[in-house]
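Student: Okay, handing you the structure first.
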Amino acid sequence: MQGLTEQPNYAENGGGAPPRTPAPAETPEDAERWAAQLASTKPFSLEPWDVMLDRERPKVDVLLTPSCNDLCLRTPRTLLRPVRFGDSVAIKKIKTEPIVQKTQLYGTPKSLQEIKANFQTRYIASCIPAISRDEYAPEGEEAQGGAWRDEYIWAVTIKPGKSVEVKILPPGEVRLQNRLTNLDGYVGNIALSLSSKRPLRPTKGEVWRHPTVQEAKDAELEGKMFYELHPQLWGQGLISEVFKEVLRFAFDEVLCSKVSADPTVGNDASIKLCERNGMTFECQKDNVYGKPQLFYSVSRDEWVKRFRGGSGIDAWGGKETCRWCFDFRKEVGPTCKCGWAKYCSRECQRADWAYRQGHRKECDAKN
1 MQGLTEQPNY AENGGGAPPR TPAPAETPED AERWAAQLAS TKPFSLEPWD
51 VMLDRERPKV DVLLTPSCND LCLRTPRTLL RPVRFGDSVA IKKIKTEPIV
101 QKTQLYGTPK SLQEIKANFQ TRYIASCIPA ISRDEYAPEG EEAQGGAWRD
151 EYIWAVTIKP GKSVEVKILP PGEVRLQNRL TNLDGYVGNI ALSLSSKRPL
201 RPTKGEVWRH PTVQEAKDAE LEGKMFYELH PQLWGQGLIS EVFKEVLRFA
251 FDEVLCSKVS ADPTVGNDAS IKLCERNGMT FECQKDNVYG KPQLFYSVSR
301 DEWVKRFRGG SGIDAWGGKE TCRWCFDFRK EVGPTCKCGW AKYCSRECQR
351 ADWAYRQGHR KECDAKN
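In UniProt numbering, the protein residues as written are 1 to 367.
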């Protein structure tokens, strides 16, 4: 993965989308080299549940482009970046901790292999929008599959030099093998899962543009948030900080018409977090594990009225966007000979051409 560079902190400036990232400059020699690569690229498939397998890493290295893997959010004390392959042990420290499991719905995972298969696989696959994730659709909901990006899952990391304490908890509160000794790397995650009543996805023959506020509203584009943090960092306002920024991202940039969260009964900290961010109680239902769960939500109109003074931001609505990574922050540049498949980088163009269910399947032109 390419290194992540520090950028202005938009949360400290009242929240807002970053400047557009221009497409990389390219010489005629570069264009000729990439054209040759496309011509020699052989198509292949990749199942989402195989992304963590060593034998599939060469495929993942092609499909998980730098642009797929660098959409980050920033708050005063944290950097939210995509989950990496090297985060396995850090994820296990949180997922196997009983005090965390009490507030979550995933049971009691134990082994590192179980963590990789049931959690990290999903986290990595979410960065490759084109591969289908039907098996991850919530029970009772219709799966939308690949095409448009339908989930963002960020690792919570702490910026160097920030006022965050690794608390020393009494024996028995956190297992010895799960304890943090420093603030390096992954210390939790926060996610935004997307769903819509009408599919939002590219169509053959048309340049893909990010939906406008009205298009997102008509499609009933909604987001659902989930999150967890290592217990030695609880009580310092970190989740409150990142929750606020992801909610801003959902309304200012993705342009969701509604965002929800579903804390378990008794999780008072999460309930208060929802309420502080404008969410109101909708209902209580038993989840698939038979435990009572609360549902909170806030509409974009309500959030804009409360936190934007009634003036909403439409950062990227209608903007031409990369057909592979769907990073609306980036300008498009490389274009297929068909004229309507545009990308933010040659790596994304190659990935869409290499993936068997990608652009090669629908393109009438020859690269």
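For every residue, glycine included, the Cβ atom is placed at its ideal position computed from N, Cα and C. Every value quoted in this text rests on a predicted model; they were computed, and no experiment measured them.
Which value, in whole angstroms, describes the spacing of the CA atoms of residue 46 and residue 342?
Tutor: Straight-line Cα distance between these residues: approximately 22 Å.
Student: Between residue 125 and the rest of its own chain, which residues show a CB-CB distance below 7 Å, the 5 nearest in sequence each way excluded?
Tutor: 48, 51, 131 and 133
Student: Quick check for students: name the residue ranges of the beta strand (DSSP E) that lie wholly in the region 34-119, counting only runs of 3 or more.
Tutor: 78-82
Student: Roughly how many angstroms lie between the CA atoms of residue 86 and residue 243, to the nearest whole one?
Tutor: 24 Å
Student: When the distance is taken between beta carbons, is residue 260 closer than 8 Å to residue 220?
Tutor: Not in contact: residue 220 and residue 260 (Cβ atoms no closer than 8 Å).
Student: Cα-Cα, which of 249, 188 and 323 is closest to residue 97?
Tutor: 188
Student: With the cut-off set at 8 Å, would you say residue 229 and residue 164 are in Cβ contact?
Tutor: no
Student: Determine the DSSP secondary structure at residue 326, reduced to helix, strand or coil.
Tutor: coil
Student: What residue does the beta strand (DSSP E) around residue 282 start on, and which one ends it?
Tutor: 280-286
Student: Compare the beta carbon distance of residue 192 and residue 152 with 8 Å and say whether it is the shorter of the two.
Tutor: yes
Student: Residue ranges of each alpha helix (DSSP H) run of no fewer than 4 residues wholly in the region 210-290, ordered along the chain?
Tutor: 213-218, 238-249 and 268-276
Student: Where DSSP assigns a beta bridge to residue 159, which residues make up the other side?
Tutor: For residue 159, which the question treats as bridged, DSSP gives no partner whatsoever.
Student: Going by C-alpha to C-alpha distance, which of 158, 21 and 91 sits closest to residue 237?
Tutor: 158
Student: Would you identify the three-state DSSP class for residue 320, choosing helix, strand or coil?
Tutor: strand
Student: With which residues is residue 152 paired in a DSSP beta bridge?
Tutor: In the DSSP output, where bridge partners are listed per residue, residue 152 has 192.
Student: Sorted by chain position, which residues of the same chain lie with C-beta nearer than 8 Å to residue 274's C-beta, five sequence neighbours on each side aside?
Tutor: Excluding residues up to 5 positions away in sequence, 261, 263 and 296 lie with their Cβ nearer than 8 Å to the Cβ of residue 274 in the same chain.
Student: The beta strand (DSSP E) that contains residue 123, what's its start and end?
Tutor: First-last for residue 123: 121-125, but that is the alpha helix (DSSP H), not the beta strand (DSSP E).
Student: Measuring alpha carbon to alpha carbon, tell me which residue in 200, 160, 350 and 363 is nearest residue 59.
Tutor: 350
Student: Identify the continuous alpha helix (DSSP H) that holds residue 304 and give its terminal residues.
Tutor: Run containing residue 304: 300-307, per the alpha helix (DSSP H) assignment.
Student: Between the region 209-220 and the region 305-318, are three or more C-beta pairs nearer than 8 Å?
Tutor: yes
Student: Using a Cβ-Cβ cut-off of 6 Å (strictly less than) and excluding sequence neighbours within five positions of residue 140, which residues of its own chain qualify?
Tutor: Note on residue 140: pLDDT 48, under 50, position unreliable in the model; the coordinate value appears next. Hits under 6 Å: none found.
Student: At the level of alpha carbons, what is the spacing between residue 353 and residue 334?
Tutor: 13 Å
Student: Check this for me: beta carbons of residue 279 and residue 298, under 8 Å apart or not?
Tutor: yes
Student: Please classify residue 168 as buried or exposed, where buried requires at least 16 other C-beta atoms within 10 Å of its C-beta.
Tutor: exposed
Student: Apply the 10 Å Cβ neighbour rule to residue 92 and answer buried if 16 or more other Cβ atoms are within range, or exposed otherwise.
Tutor: With 16 or more other Cβ atoms within 10 Å, it is buried.
Student: What's the gap between the Cα of residue 162 and the Cα of residue 76?
Tutor: So the two alpha carbons sit approximately 8 Å from each other.
Student: Going by Cα to Cα distance, which pick from 359, 149 and 99 is closest to residue 171?
Tutor: 99
Student: From residue 179 to residue 362, what distance separates their C-alpha atoms?
Tutor: 50 Å
Student: Is the region 279-289 in contact with the region 108-126, if contact means three or more CB pairs nearer than 8 Å?
Tutor: no
Student: So which of 338, 328, 347 and 337 has the shortest CA-CA distance to residue 72?
Tutor: Closest by C-alpha distance to residue 72, out of 338, 328, 347 and 337, is 328.
Student: Let me make sure I understand the geometry here. Which of 37, 150, 239 and 39 has the alpha-carbon closest to that of residue 398?
Tutor: No information on residue 398 is available, as it lies outside the stretch 1 to 367 that the chain covers here.
Student: Less than 8 Å separating the beta-carbons of residue 205 and residue 340?
Tutor: The answer is yes: Cβ separation under 8 Å.
Student: Out of 55, 70, 225 and 198, which has the shortest C-alpha to C-alpha gap to residue 277?
Tutor: 225
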